[in-house]
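Worksheet for the structure shown next.
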Amino acid sequence: MTDTVIVVGAGPVGLVLGCELLQQGIRVRIVDAERRATAHSRANVVWPRNLELLGRIGVSEKLIASGHRIGGTAFHSAGRRIGTAYVSRMPGAPYPFAVMISQNDTERILRERLAELGGTVEDGVRLTSLYTEGTGTGTGTGTGTGSGSPAEPGGPRPVAVLEHPGGRYESAEADWIVGADGAHSTVRERLGIGYAGTPVDVTFAIADAAMTTHLADDLSHYLWSPRGAMAVGPMGDGVFRLAVNVPHAEDGDPPPSRELFQRVVDERGAHGSTIEELLWSATFRVRCRVAETFRSGRCFLAGDAAHIVSPAGGQGMNTGMQDAFNLAWKLAGVIHGRLGETVLDTYDSERRQISHQVSRNTALLTKVGLATTPLRTAVRDTAFRAAGLTGVLQRHVAPQLAQTDISYGTRARPGRPAPTGARLPLLVSATDEPGWHGRWPAVARDRHTLLLHGGHRAGAGLLAALPGNTAVLELDRPVPPALARALGPGPTAAVVRPDGHLAARLKDARDDEIQAALRSAHHLAHRTRTA
């Protein structure tokens, strides 16, 4: 039997993708070359936008219960705070905080949810090659995506050659294959997809340490000094994740010591802090990269297989998870026949654009933190203080960290109606708007939603011709201010994607205009299709 989707890699990205597809009735097989979880991991924060999306698959509350909440990020220079970006003060966020949690715990919770949905992970199963069904022509030489590459939609299916523990090989057919197998992705290599780099090339020493400190444990911290940069993230119970830039390490060098981290803590501004115990430590080298394409026919890349960004801001895993959510609803819609296959092209265009954007932002934050000359340090510190006083940190940096500012079109402007592609603030916290508190879904998670606001009503003719089994939600009472601003004044018809991003916003629209917008959102040419 053909597997509908094979996911290669069972890190957070592959697990999120598997859960989302299973929840939408898609047959999924997940394989991972490793036989056990890594002892330690770099990723340790889940930002507000991802908490929203993870609510789709029912794991947000477990992550929150297992982790440590923080309300934002503080920036320090020479031991003094020069600005703070508070995600806890952003309007229209159902989770006005981030969660510090180890990647191992995140993966454990996701695996438990996968099992609840009927899925499993085949640990120790390694992909060795890909070829096209019926040809036997492999792509293992990495010669590109010519005749041996997975077929374009409508053509032959890809086949994954899998090596099982004990040396048994299997040729597994699939309708679609997703490589979520990390920075050294075998899927990417076998497809011959380039992995272009950026000038960022920095080595970091990281550790989890029991530490006594004056630093607030409800914020993450960036501490900058002429001696270098340091990031401090509270994990709860007096344990902190530390990350510091260090000279490039050689293979075989011992792990960074407690003495090294204590010296850095003293030099870079966390004065009076004492590392009581180093729980573990490691070094890693960051070379920021983005794949030349995230799609080759029926194969896709997601997570670190598609992009690596600087660890500054804790954006890497969160960006990968959003890859998974973006791809899942599109694949499910195509498989169920609700969406035209051209929607899959937008996975590459949308997520590659965002990956470049996140890469630029995190590279800039890294560069800013590593300023050492008196002039550059003074300019940086003055700019951050001014940004804090004028609200720029809160209006721009906080949403950037939270990833609520991600838009697949024009960037949303604070206080203005949402442009096409922007996230709609469909969920709000109970404390901000009593009576409107809720978790996902506020819109349908498996299909587009036609959101009617400001007195707009759906006529019988419109309802009879909705494509793709579109859901209809009429907002017949005042909506929270953040959503009202996003929708704009007057009668509004908004086409909302399953991931909560705006596909179209129409004012005083006729039924035929709404139908055209829905057909476009479903990537249907001149006909409607129902599931």
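full-length UniProt numbering numbers the first residue of the sequence shown as 1 and each following residue consecutively.
C-beta atoms are modelled at their ideal positions from N, C-alpha and C, and glycine is treated no differently.
Fair warning: this is a prediction, and the values are worked out from it, not measured in the lab.
- Here His522 carries a coil assignment [DSSP, helix/strand/coil].
- Put simply, the region 7-23 touches the region 321-339. At least three CB pairs are less than 8 Å apart.
- Around Thr106, the same chain offers Pro12 as residues with beta carbons nearer than 6 Å, after the five sequence neighbours per side are excluded.
- Selection Val202, Arg126 and Thr362 evaluated against Arg287 yields Val202 as nearest (Cα-Cα).
- If you draw a straight line from the Cα of Ala10 to the Cα of Arg385, it is about 42 Å long.
- Look at Tyr408 here: in three-state DSSP terms it is coil, with no helix or strand label.
- Asn245 sits in a strand when the DSSP states are folded into three classes.
- By the criterion of a C-beta distance shorter than 7 Å, Gly233 is surrounded in its chain by Asn44, Val45, Met100, Ser220, Phe240 and Arg241, once the five residues flanking it on both sides are discounted.
- Going by C-alpha positions, Leu301 is about 8 Å away from Ala291.
- Looking at the DSSP output, Pro158 bridges to Thr132.
- About 5 Å separates the Cβ atoms of Gly340 and Leu524, confirming a contact at the 8 Å cut-off.
- Across the set Pro311, Gln394, Leu424 and Leu389, the C-alpha of Pro311 shows the shortest separation from the C-alpha of Gly369.
- A Cβ-Cβ separation of about 6 Å places Val496 in contact with Leu424 under the 8 Å criterion.
- Pairing Phe261 with Ala207 gives a Cβ-Cβ distance under 7 Å.
- As DSSP reads the structure, Asp323 sits in no beta bridge.
- Residue state for Leu191 is assigned as helix, using DSSP reduced to three classes.
- Taking the CA atoms as reference points, Thr410 sits about 41 Å from His214.
- Rounded to the nearest angstrom, the gap between the Cα atoms of Ala282 and Thr120 is 30 Å.
- By the criterion of a C-beta distance shorter than 6 Å, Gly454 is surrounded in its chain by Gly490, Pro491 and Thr492, once the five residues flanking it on both sides are discounted.
- Apart from the 5 residues on each side of it in sequence, Ser66 sits with its Cβ closer than 7 Å to the Cβ of Ile101, Asp105 and Ile109 in its chain, given in chain order.
- The residues Ile109, Leu110 and Arg113, in chain order, have a CB closer than 7 Å to that of Val59 in the same chain once the five nearest residues on each side in sequence are set aside.
- Rounded to the nearest whole angstrom, the CA to CA distance from Leu279 to Gln315 is 24 Å.
- Here the C-alpha atom of Thr390 lies approximately 47 Å from the C-alpha atom of Ile177.
- Approximately 12 Å separates the beta-carbon atoms of Gly236 and Met211; this is outside 8 Å, ruling out the contact.
- Counting only unbroken stretches of 4 or more residues, the alpha helix (DSSP H) elements lying wholly within the region 360-407 are 374-390 and 398-402, in sequence order.
- Here Phe240 is bridged, per DSSP, to Ala209 and Pro234.
- In this structure, Asp123 sits away from Asp181, with a CB-CB distance that is not shorter than 7 Å.
- Residue state for His456 is assigned as coil, using DSSP reduced to three classes.
- Boundaries of the alpha helix (DSSP H) harbouring Leu483: Pro481 to Leu487, taken from the DSSP string.
- Restricting attention to beta strand (DSSP E) runs no shorter than 3 residues, the region 242-322 encloses them at 274-291 and 299-301, ordered along the chain.
- Arg360 has its alpha-carbon roughly 22 Å from the corresponding atom of Thr382.
- Taking a C-beta distance under 7 Å as the contact criterion, Thr293 and Ile193 qualify as a contact pair.
- Residue range Ser60 to Ser66 is occupied by the alpha helix (DSSP H) that includes Ala65.
- For Ala174, the enclosing beta strand (DSSP E) begins and ends at Tyr169 to Gly179.
- The three-state secondary structure of Glu474, taken from DSSP, is strand.
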